[in-house]
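Heads up, the thing below is written out as structure tokens.
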Amino acid sequence: MSFDFLPDKPIYQQLIDRITGDLIRGILQPGEKLPSVREYAVEAGVNANTMQRVYKELEGMGITETKRGQGTFVTENAERLGQLREEKKAQLIDDFIRDIEALGFTEEEIAESMRRRRER
Numbered sequence: 001m002s003f004d005f006l007p008d009k010p011i012y013q014q015l016i017d018r019i020t021g022d023l024i025r026g027i028l029q030p031g032e033k034l035p036s037v038r039e040y041a042v043e044a045g046v047n048a049n050t051m052q053r054v055y056k057e058l059e060g061m062g063i064t065e066t067k068r069g070q071g072t073f074v075t076e077n078a079e080r081l082g083q084l085r086e087e088k089k090a091q092l093i094d095d096f097i098r099d100i101e102a103l104g105f106t107e108e109e110i111a112e113s114m115r116r117r118r119e120r
């Protein structure tokens with residue numbers, strides 16, 4: 001089963017987003033072992049070098065830890081995982097605001113629309 005990738009964003013970044021999203025949603029748990037680079041590459045339908053880059057980036061972000069001879073695991077650092085959640089939320093909000101303002105909507109229009117949606 002390969003993933004569907006968007007053409008306007010690097011594949012490795014989309015895979016990072018997918019894994020971090022799975023962490024935030026609780027699909028992946030702290031301490032959980034990730035598939036090997038080769039296994040995940042086959043599952044995602046990407047080159048193993050791409051998946052290796054993803055794992056390296058995740059480790060650099062403090063989201064995973066590699067244990068020699070055992071594999072790659074999601075960090076158990078609750079503080080780091082909490083930071084990840086806040087970073088992702090801020091990124092989504094910033095992207096939303098940038099996109100909606102680019103279309104010419106005002107802050108007041110956005111706020112009113114959000115209030116109405118919550119009342120449904």
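Counted from 1, the sequence shown has number 3 at position 3 by my numbering; the numbering is strictly sequential.
All C-beta atoms in this analysis are idealised placements derived from N, C-alpha and C, irrespective of residue type, glycine included.
For the beta strand (DSSP E) that residue i lies in, which residues bound it at each end?
i: Phe73; result: Gly71 to Val74
i: Glu109; result: Not the beta strand (DSSP E): Glu109 falls in the alpha helix (DSSP H), residues Glu107 to Glu119.
Please say whether residue j and residue i have beta carbons closer to each other than 8 Å?
i: Ile24; j: Leu92; result: no
i: Glu65; j: Ile16; result: no
i: Pro7; j: Leu81; result: no
i: Gly62; j: Asn77; result: yes
i: Thr20; j: Lys89; result: no
State the start and end residues of the unbroken alpha helix (DSSP H) segment that holds residue i.
i: Gly82; result: Ala78 to Ala102
Is the region 33-42 close to the region 65-72, with three or more CB pairs under 8 Å? yes
Are the region 5-13 and the region 43-61 touching by the rule of at least three beta carbon pairs closer than 8 Å? yes
What alpha helix (DSSP H) runs, 4 residues minimum, are completely inside the region 24-73? Within the region 24-73, the complete alpha helix (DSSP H) runs of at least 4 residues are 37-44 and 48-60.
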